[in-house]
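Going line by line, the protein sequences match chains A and B. Letter 178 of the first sequence, counting from 1, is numbered 519 in my numbering, and no numbers are missing. Letter 173 of the second sequence, counting from 1, is numbered 175 in my numbering, and no numbers are missing. Glycine is no exception: its CB is placed at the ideal position from the N, C-alpha and C atoms. Predicted, not measured: the structure shown is a model, and the values here were computed from it.
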Amino acid sequence: MQAIRVENLSKTFRVKKKEKGMAGSIKAILHPQTEKIQAVNGVSFQVEEGEMLAFIGPNGAGKSTTIKMLTGILYPDGGRVEVLGIDPTKKRKQLAYQIGTVFGQKEQLWTHLTPYDNFRFFGAIYDLSEREAEVRIEELAKRFELGTFIDTPVRNLSLGQRIRCEIVASLIHKPKVLFLDEPTIGLDPVVKENIRSLIMQMNREEHTTIFLTSHDVGDIEKLCRRIIIVNAGQIVLDDSMKKLKEHYLQGKGVEDSAASDVSLEDIIMDVYKAEGRTAAV
Amino acid sequence: MLTAVKNQLRVCLLSLKYNIMREMVNKVTFLTNVCFMVLNNAALLVQWFILFRLREDVGGYTLREIMLLWGLTAASFGLSHILFARVFSLSELIIKGKLDAYLVQPKNVLVSVITSSTDISAIGDLLYGVALACACSPGIGGFFLFLLFTVTGTIVFTAFALLIGSLSFWFLRMDMLENQAVMGMISFATYPDGIFQGISRFLLYYIIPVGMAVWHPVHMINSFHAGTLFTVLGYALLLLTAAVCVFYRGLRKYSSGNLMTARM
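This is the structure we're talking about:
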């Protein structure tokens with residue numbers, strides 16, 4: 342069964358234009374001008390239940406905008422979205438009970454509270470009874486090894502500990518789909534590896550569908566079985582990780598793919614460059 | 003439906019509890035904040051005591067009515083800033099794209115946003131307002147009306163801030179106007195309505211609704227009039243409905259943001 346179905350999705354933003362300096366500011370007041378930015382342009386794809394998908398692209402490619410439309414944060418200008426058969430624009434609350442989100446650059450936790458109090462708060466948000474919340478917190482705290490810092494205020498945690506807590510908070514209600522927007526940003530290699538194994542374990546044990554955006558090739562290689570690359574709001578590549586290398590080399594006219602030493606990073610960089618953009622991968 | 007309301011209320015109360023817990027981490031700061039707000043308000047009233055030594059009434063108000071006016075303004079302002087403090091910085095949340103965390107929760111987004119913060123010094127405003135009302139000896143009926151109008155005043159202040167703040171979905175830098183409009187409303191609310199005439203009086207009753215929040219109520223505590231009561235209740239409801247509609251209409255235009263943020 343399909344967990345996510347996206348058809349012809351589009352989103353544009355209007356951005357104010359201003360010329361340099363004070364004169365430009367005055368001119369912008371008298372004759373305001375706006376520019377239309379096409380953030381997402383006719384994107385279509387499907388994700389199967391239990392799948393782990395990497396949705397990547399250079400900065401400004403439209404990844405976060407797409408995630409935000411899938412989670413009900415933004416309204417699309419055109420096209421159709423269904424997550425678990427629910428349209429986020431019409432039934433945002435109903436969908437929210439079934440999905441989890443982790444935005445690596447945005448904290449959802451209250452910094453002055455301990456992770457435990459935060460989890461209790463999130464339990465209340467998802468209508469869990471005190472008993473249900475308690476059982477779930479205990480289970481997740483054990484799995485994510487939060488024991489030593491579960492009663493320490495979030496503001497005193499290291500970044501790695503905080504991200505683990507962010508993920509736990511997003512899992513408190515057993516979501517069927519988890520959206521991870523750069524979850525390992527700023528983490529050291531050991532903590533990154535730890536977070537990846539926890540995500541994989543969760544996918545294996547709870548059959549959670551994972552929708553991941555990341556600039557980290559390690560995240561993509563180790564977690565995902567399929568990759569979608571977007572650029573300038575459009576999908577430029579959609580392939581399984583298994584066949585990606587083979588198809589890429591065939592496209593380059595190389596016959597013996599096994600003999601060629603090409604990494605995922607090379608392929609991604611090549612796709613970005615072919616589309617006229619480079620990015621820090 | 004009832005369960006949904008109960009669950010939403012549970013989250014709001016937890017949010018209030020956690021906000022107060024944050025402020026009470028330092029008890030001295032917490033108590034000083036509340037006490038200084040009471041003292042600050044009391045100091046502002048001194049000028050009226052001096053003025054009423056020189057003349058018997060100002061704009062048709064006696065000292066007792068001025069005290070009621072200040073009491074009702076402080077109590078309504080206080081209650082709205084205790085329960086719905088975030089509505090007074092709604093523009094900033096919209097402009098900086100900070101509504102994301104609330105939009106991914108299975109709760110009413112507007113209620114979750116506006117109840118997500120508490121201004122602790124507003125406890126001082128509320129206490130001061132109630133104390134002033136008691137000092138005016140309005141009687142049991144009068145005190146009941148004072149409490150009722152504190153609630154309607156809270157609704158009017160909150161809805162007005164919500165309406166202005168929601169315009170940020172369409173216009174940039176509405177945060178400045180939001181702040182000016184709300185503070186302007188509070189300032190006008192501490193003067194008797196008799197000193198305003200003509201167009202300014204009309205504006206202050208219906209557009210910047212000071213009249214509905216405090217002036218009509220003060221008149222009714224002195225001399226009850228059922229028609230005016232229904233006008234105030236109806237206006238509060240109408241303003242709230244309009245503000246909620248504008249917020250949800252604007253939410254469709256919300257453009258989020260990618261700033262790195264922390265929930266404080």
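Beta-ladder partner(s) of A:Ala395, from DSSP: Note: A:Ala395 sits in a beta bridge opposite A:Leu553 and A:Ile568.
Under the three-state DSSP convention, the category B:Asn43 falls into: In the three-state scheme derived from DSSP, where H, G and I count as helix and E and B as strand, B:Asn43 is classed as helix.
Identity of the residues DSSP links to A:Arg346 by a beta bridge: Answer is A:Gln387 and A:Glu423, bridged to A:Arg346.
Chain A contact for B:Asp121 (CB, 7 Å cutoff): So, not an interface residue.
Beta strand (DSSP E) segment containing B:Val182, residue limits: It should be pointed out that residue 182 of chain B corresponds to Gln in this sequence rather than to Val. No beta strand (DSSP E) holds B:Gln182; the alpha helix (DSSP H) holding it covers Met176 to Phe190.
Reduced DSSP secondary structure (H/G/I, E/B, other) of A:Gly594: Look at A:Gly594 here: in three-state DSSP terms it is coil, with no helix or strand label.
Beta bridge counterpart(s) of A:Ile508 as assigned by DSSP: Note: A:Ile508 sits in no beta bridge, so no partner.
Within chain B, partners of A:Gly419 - CB distance below 7 Å: What A:Gly419 touches in chain B: nothing, since even the nearest Cβ is about 14 Å away.
Same chain, Cβ closer than 7 Å to A:Ser470, five either side skipped, listed in chain order: Excluding residues within five positions, none has a Cβ falling inside 7 Å.
Residues from the stretch 399-428 of chain A in contact with chain B, defined by Cβ distance under 7 Å: Listed in sequence order: Ser405, Lys409, Thr412, Gly413, Ile414, Leu415 and Tyr416.
Nearest candidate by alpha-carbon position, reference A:Ile397, set A:His514, A:Phe552 and A:Asn459: Answer by Cα proximity: A:Phe552.
DSSP three-state assignment for A:Asn400, whether helix, strand or coil: In the structure shown, A:Asn400 sits in coil (DSSP, three-state: anything other than H, G, I, E or B).
Rounded straight-line distance, which links the Cα of B:Val234 to that of B:Phe146: So the two alpha carbons sit approximately 16 Å from each other.
Nearest neighbour of A:Ser538, chosen from A:Glu562, A:Pro494 and A:Thr554 [CA to CA]: It is A:Glu562 whose Cα lies nearest to the Cα of A:Ser538.
Where A:Arg355 sits in the DSSP three-state scheme: Strand, per DSSP.
DSSP-derived helix/strand/coil call for B:Gly80: In the structure shown, B:Gly80 sits in a helix (DSSP, three-state: H, G or I).
Start-to-end residues for the beta strand (DSSP E) that takes in A:Gly441: Ile440 to Phe444 is the extent of the beta strand (DSSP E) around A:Gly441.
Cutoff 7 Å: B:Leu88 Cβ touching any chain A Cβ: The sequence given here places Arg at residue 88 of chain B; Leu does not occur at that position. So no, B:Arg88 is outside the interface.
C-beta contact flag for B:Leu70 and B:Val248 at 7 Å: No, Cβ-Cβ distance for B:Leu70 and B:Val248 is not below 7 Å.
Bridge partners - A:Phe520, DSSP secondary structure assignment: Note: A:Phe520 sits in a beta bridge opposite A:Thr442 and A:Phe552.
C-alpha distance - A:Ile526 paired with B:Val132, whole-angstrom precision: Taking the straight line joining both Cα atoms gives about 51 Å.
Any C-beta of chain B under 7 Å from that of A:His453: Yes, contact with chain B.
Beta-bridge pairing of A:Ile576 - partner residues as DSSP gives them: Partner(s): A:Val571.
A:Gly413 versus A:Leu585, A:Ser366 and A:Lys432, residue with shortest Cα-Cα distance: Comparing Cα-Cα distances from A:Gly413 to each of A:Leu585, A:Ser366 and A:Lys432, the minimum goes to A:Lys432.
Collapsed DSSP secondary structure at A:Val622 in the structure displayed: In this prediction, A:Val622 scores a pLDDT of 35, lower than 50, which makes its location untrustworthy; the coordinate-derived value is nonetheless stated afterwards. Coil, per DSSP.
B:Leu56 (DSSP reduced to helix, strand or coil): Note: B:Leu56 maps to helix in three-state DSSP.
Contact with chain B by A:Thr489, beta-carbon distance below 7 Å: Any Cβ of chain B closer than 7 Å to the Cβ of A:Thr489 would place that residue at the interface, and such an atom is absent.
Residue burial classification, B:Ser123 (beta-carbon count within 10 angstroms, cutoff 16): Under this definition B:Ser123 is a buried residue.
Classification of B:Ala137 by the beta-carbon crowding that lies within 10 angstroms, buried from 16 upward: By the Cβ neighbour-count rule, B:Ala137 is exposed, with fewer than 16 other Cβ atoms within 10 Å of its own.
Supposed close pair A:Val571, A:Lys409 - CB separation, criterion 8 Å: Going by Cβ atoms, the distance from A:Val571 to A:Lys409 rounds to 14 Å, so no, they are not a contact pair.
A:Val603 in three-state terms, based on DSSP: Here A:Val603 sits in coil by DSSP.
The ligand ADP heavy atom lying under 6 Å from the CB of A:Glu390: You won't find the ligand ADP in this model; it holds no ligand whatsoever.
A:Glu448 - containing beta strand (DSSP E), residue span: Start and end: Lys447 to Trp451.
7 Å Cβ cutoff, B:Ser139 in contact with chain A: B:Ser139 has a beta carbon lying at 7 Å or more from every beta carbon in chain A.
Backbone CA spacing between B:Leu169 and B:Gly252 [nearest angstrom]: B:Leu169 and B:Gly252 have their C-alpha atoms some 7 Å from each other.
A:Val384, buried or exposed, once every other Cβ within 10 Å from all chains shown has been counted against 16: Counting Cβ neighbours within 10 Å, A:Val384 comes out buried, since at least 16 surround it.
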